[in-house]
Amino acid sequence: MFKHLAASIRGVGHRTTEGIWQLGHATRFFLLVLLKSGTSFRRFGLVIRELYYVGVLSLIIIVVSGLFVGMVLGLQGYETLQKYGSESAVGTLVALSLVRELGPVVAALLFASRAGSAITAEIGLMKATEQLAAMGMMAVDPVARVVAPRFWAGVISMPFLAAIFSVMGVFGGYLVTVTFIGVDAGSFWSQMQSNVDFRIDILNGFIKSCFFGVAVTAIAVFEGYDSPPTAEGVSGATTRTVVTSSLVILGLDFILTAFMFRGI
Amino acid sequence: MTPEVLVEVSDLNFSYNTRPILKGINMTMKRGQVIAIMGGSGSGKTTLLRLIGGEVVPSSGYVKVSGQVVHQLDRDALFEIRRKMGMLFQFGALFTDLSVFDNVAFQMREHTDLPESMIRDLVLMKLHAVGLRGAHHLMPAELSGGMARRVALARSIALDPMLIMYDEPFTGLDPISLGVIGSLIRRMTDTLGMTSVIVTHDVQESLKIVDYVYFIADGVIAAHGTPAEVRDSVAPFVHQFVHGEVDGPVPFHYPAQSYRRDLNLEKALV
Ligand SMILES: Nc1ncnc2c1ncn2[C@@H]1O[C@H](COP(=O)(O)OP(=O)(O)O)[C@@H](O)[C@H]1O
Ligand SMILES: [Mg+2]
Numbered sequence: 073m074f075k076h077l078a079a080s081i082r083g084v085g086h087r088t089t090e091g092i093w094q095l096g097h098a099t100r101f102f103l104l105v106l107l108k109s110g111t112s113f114r115r116f117g118l119v120i121r122e123l124y125y126v127g128v129l130s131l132i133i134i135v136v137s138g139l140f141v142g143m144v145l146g147l148q149g150y151e152t153l154q155k156y157g158s159e160s161a162v163g164t165l166v167a168l169s170l171v172r173e174l175g176p177v178v179a180a181l182l183f184a185s186r187a188g189s190a191i192t193a194e195i196g197l198m199k200a201t202e203q204l205a206a207m208g209m210m211a212v213d214p215v216a217r218v219v220a221p222r223f224w225a226g227v228i229s230m231p232f233l234a235a236i237f238s239v240m241g242v243f244g245g246y247l248v249t250v251t252f253i254g255v256d257a258g259s260f261w262s263q264m265q266s267n268v269d270f271r272i273d274i275l276n277g278f279i280k281s282c283f284f285g286v287a288v289t290a291i292a293v294f295e296g297y298d299s300p301p302t303a304e305g306v307s308g309a310t311t312r313t314v315v316t317s318s319l320v321i322l323g324l325d326f327i328l329t330a331f332m333f334r335g336i
Numbered sequence: 015m016t017p018e019v020l021v022e023v024s025d026l027n028f029s030y031n032t033r034p035i036l037k038g039i040n041m042t043m044k045r046g047q048v049i050a051i052m053g054g055s056g057s058g059k060t061t062l063l064r065l066i067g068g069e070v071v072p073s074s075g076y077v078k079v080s081g082q083v084v085h086q087l088d089r090d091a092l093f094e095i096r097r098k099m100g101m102l103f104q105f106g107a108l109f110t111d112l113s114v115f116d117n118v119a120f121q122m123r124e125h126t127d128l129p130e131s132m133i134r135d136l137v138l139m140k141l142h143a144v145g146l147r148g149a150h151h152l153m154p155a156e157l158s159g160g161m162a163r164r165v166a167l168a169r170s171i172a173l174d175p176m177l178i179m180y181d182e183p184f185t186g187l188d189p190i191s192l193g194v195i196g197s198l199i200r201r202m203t204d205t206l207g208m209t210s211v212i213v214t215h216d217v218q219e220s221l222k223i224v225d226y227v228y229f230i231a232d233g234v235i236a237a238h239g240t241p242a243e244v245r246d247s248v249a250p251f252v253h254q255f256v257h258g259e260v261d262g263p264v265p266f267h268y269p270a271q272s273y274r275r276d277l278n279l280e281k282a283l284v
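For the protein sequence lines, the chains are A and B, in the order given. Counting the first sequence from 1 gives a position; my numbering is that position plus 72. Counting the second sequence from 1 gives a position; my numbering is that position plus 14.
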């Protein structure tokens, strides 16, 4: 009985130190990537190539999801607002929800599952098939040549993808409320224009998406580089990327929102 | 004056975790030599190449390349010396996101300022040497195992290194390309004055082209000598390996000493 208890406490302690150790390991790797980013900027072509795989190939899912999320927001918003006779505010509602919250957060969640998992799988497989070791033997640093360009491509893509998501969402809301339901287009836009603040709303949304971009891509490259060089190792790492990124995005979003809009 | 000895392995010990893999290995490899390292699977041949390349650090002893102790070099010095080394990985390790051409051009683009037109000529020459000039536009996924290994060979000789390590270059090759690759390795070594280290199971093919052979078993050098010495060797281990006798008196994994230490055998002899 007592032994049992001691063992389980020991287990908790063990897991905690393991987790902290891993966190330290990840942080050190993150700093290493930053330190070795010189090559990425000197040879920006490397980053542009990855921008295509990380950013451009994520466009479709971002555009389509943004459109649907905006359409749903428009429908739901209209339903509620018309009860109070203020359906012309539906534009404001759609825009604010997207720019402040849904744009950065949902785009980041989609980005984690579309691009983050791909980055992890690619780096993990390159490690498992000894491509990274071969590169090292050719006196080329894999962190500088493979990891850093992917990291920066992710960091750069994320704010653009979030912005595109929001734009498509507003367009979706416009389609549903103005084109189909018949809300007045003039009041839809003018209300939105007067109520969405550039600094408070748009800039803060942009800052959020930058944080998410760094978090998701850092997790993705770390999991890939750290994955055991086997098929199970890589698939496990890919799953961890999506799960960890999603949790980090939502947690970060709460913290950032608290700082930005409550001014804590 | 460049030293005659390019690689010196001295009393090298290495363990993975606590399991000893190599126990007191001594070797010398001279310029212009082709050296074969033979031994059963899991005997530590790949590990030995990794130690020479400075990818892993020995638990004791050292490897000197060109007079420098590899595991004591700092990162820059290690990368400096690696530029003069080529390594053909056992499974090719081609970069799967680059075409055959770009794989071979990789080091030229990373380490030199050569114009693209010259890189093109050099790459096609290297690919021609391994018989795959016509495949330069393919992606690694479109190659067979043997073709991938030949591309990897072309890539490892891209910058004409002074030391090339081949990890089982002949595995998966048909007899024709096997002979061609073997004589290519010999010719390159002679004309460029480099040193080639071949890890191989292909005794007949490698004895034709090498200058010296080391047999590794159970983490020690079980036998070594020139091809002539090896062919005439009466040591059962070497004899069996060289003549490929499947049912020899000794399972080929074990060196003679180990065999004698085998408990059952000692009991039987008593
Ligand atoms: N990364 C590693 N971790 C632990 N053990 C390893 C590792 N790599 C190889 N080994 C072990 O070391 C031994 C020698 O491996 P290796 O040098 O690859 O043999 P081979 O002679 O077939 O090339 C094998 O028994 C293998 O199981
Ligand atoms: Mg091996």
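Every residue, glycine too, gets a C-beta built ideally from N, C-alpha and C.
Pick from the options that is closest to residue i, judged by C-alpha positions
i, options, result
"A/I132", "A/P300, A/I236, A/I253", "A/I236"
"B/Q218", "B/A91, B/A162, B/E124, B/P241", "B/P241"
"A/V218", "A/F116, A/V128, A/F278", "A/F116"
"A/F113", "A/K75, A/A78, A/I228", "A/I228"
"B/S73", "B/T61, B/G81, B/G148", "B/T61"
"A/M204", "A/I321, A/T329, A/M240, A/G296", "Just to set this straight, residue 204 of chain A is Leu in the shown sequence, not Met. For the residues A/I321, A/T329, A/M240, A/G296, the minimum Cα distance to A/L204 belongs to A/G296."
"A/R186", "A/S262, A/V119, A/L129", "A/L129"
"B/E182", "B/A236, B/M101, B/V114", "B/M101"
"A/T249", "A/W93, A/V144, A/A79", "A/V144"
"B/F105", "B/S80, B/H215, B/A162, B/A168", "B/A162"
"A/D269", "A/F333, A/G305, A/F223", "A/F333"
"B/M43", "B/S247, B/E243, B/H238, B/Q254", "B/H238"
"A/L328", "A/S158, A/S189, A/D273", "A/D273"
"A/T310", "A/A167, A/R87, A/Q154, A/I191", "A/I191"
"A/V293", "A/T89, A/L103, A/G91, A/A179", "A/L103"
"A/A303", "A/R87, A/W261, A/F252, A/K199", "A/K199"
Beta-ladder partner(s) of residue i, from DSSP
i, result
"B/P34", "B/S29"
"B/V48", "B/S210"
"B/M41", "B/V23"
"B/K286", "As shown, chain B starts at 15 and ends at 284. That puts residue 286 of chain B outside it, with no answer to give."
"B/K78", "B/E22, B/V83"
"B/H285", "The structure shown has nothing for residue 285 of chain B, since chain B only spans 15 to 284."
"B/Y180", "B/L102, B/I212"
Span of the alpha helix (DSSP H) around residue i
i, result
"A/M230", "220–246"
"A/Y156", "Element bounds for A/Y156: n/a, residue is neither H nor E."
"A/I321", "303–333"
"A/L182", "175–183"
"B/M153", "No alpha helix (DSSP H) holds B/M153; DSSP gives it neither H nor E."
"B/I223", "217–223"
"B/S131", "130–143"
"B/F120", "114–125"
"A/T249", "Looking at the DSSP string, A/T249 is not in any alpha helix (DSSP H), and its letter there is neither H nor E."
"B/P250", "250–257"
"B/V165", "159–170"
"B/L173", "Counting along the chain, B/L173 falls outside any alpha helix (DSSP H), and DSSP gives it neither H nor E."
Residue range of the beta strand (DSSP E) that includes residue i
i, result
"A/L106", "Element bounds for A/L106: not the beta strand (DSSP E) but the alpha helix (DSSP H), 74–107."
"A/Y124", "From DSSP, A/Y124 is part of no beta strand (DSSP E) but of the alpha helix (DSSP H) over 116–126."
"A/Y297", "Unbroken run through A/Y297 is the alpha helix (DSSP H), 276–298; no beta strand (DSSP E)."
"A/A193", "No beta strand (DSSP E) holds A/A193; the alpha helix (DSSP H) holding it covers 189–200."
Whether residue i touches residue j by CB criterion (8 angstroms)
i, j, result
"A/A225", "A/V126", "yes"
"B/V213", "B/Y180", "yes"
"B/L141", "B/H151", "no"
"A/L139", "A/S318", "no"
"B/M99", "B/L177", "yes"
"A/V288", "A/A184", "yes"
"B/D174", "B/L206", "yes"
"B/V194", "B/N117", "no"
"B/I49", "B/V224", "yes"
"B/T209", "B/L20", "yes"
"A/G277", "A/R172", "yes"
"B/L92", "B/L65", "no"
"A/G83", "A/G245", "no"
"A/F223", "A/A290", "yes"
"A/G146", "A/T313", "no"
"A/A220", "A/V105", "yes"
"A/K108", "A/P176", "no"
"B/E22", "B/R45", "no"
"B/E94", "A/G208", "no"
Contact list for residue i against chain C, beta-carbon separation under 7 angstroms
i, result
"A/V212", "The structure shown has no chain C; the protein chains it does contain are A and B."
Task: Lining residues of ligand 2 - beta-carbon closer than 6 angstroms to any non-hydrogen atom, in sequence order - done: Matched residues: B/K59, B/T60, B/Q104, B/D181.
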